Amino acid sequence: MRILGIDPGLSRTGFSVLEVDSDRPASPPAVIEAGHFRFDPKRSVASRLAELERDLDGAVARTKPTHAAVEAIYSHGEFPRTAITMAHARGVVLLCLERAKIEVLELPANTIKKAVAGHGHASKEQIAHAVASILALDAPPEPADVADAMAIALCASTRLLAETAG
């Protein structure tokens, strides 16, 4: 099973594709590809969304995931514009994945953090270190968008393995 984790944003979108062996659920997933797409903040929102669509379509075609996961929308009262901006990027991500006929899990941030770092209020640094430990990486992934995308894929893999086992 190949799981694409996506941390959407309009300045940078992190992604990670992990391969999980459902016959050996205790073994750590293999990292197929991980990285981020950067978008010029001087360009229009529409232009950045179109670039996100192209980049994500390319990553999906290259890595051929069977499942995908994104963080569920979250709105903080002090930063409502952040939620709106994230919603634009999430919409493009969900559209690309639907067109590619990839099953999508939407996971709350605190669920992802708890699954990966052990508690729902883990910091970005704690997430990055936990991801590096779980995936046996030489160093924590950077930037944080990539670590977050890996954490999203890891959380999804746990859920999907539990579904197939049960």
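Each step along the sequence shown adds one to the number in the UniProt record's numbering, with nothing skipped, and position 53 is 53. Idealized CB from N, CA, C, for every residue including glycine. It should be emphasised that the depicted structure is a prediction, and the values quoted were computed from it without experimental measurement.
Can we say the stretch 46-56 touches the stretch 88-98, given the rule of at least three CB pairs closer than 8 angstroms? yes
Helix or strand or just coil, what does DSSP make of residue 95? helix
Measure the Cβ-Cβ separation of residue 141 and residue 150 and say whether it is below 9 angstroms. yes
For residue 137, which of helix, strand or coil comes out of DSSP? coil
So which of 123, 159 and 162 has the shortest CA-CA distance to residue 147? 123
Whole runs of the beta strand (DSSP E) within the stretch 54-85, excluding any shorter than 3 residues: 67-71
Rounding to the nearest angstrom, what Cα-Cα distance links residue 48 and residue 12 in this structure? 10 angstroms
Coarse secondary structure for residue 43, derived from DSSP in three states: coil
Please state if the CB of residue 3 and the CB of residue 68 are separated by a distance shorter than 9 angstroms. yes
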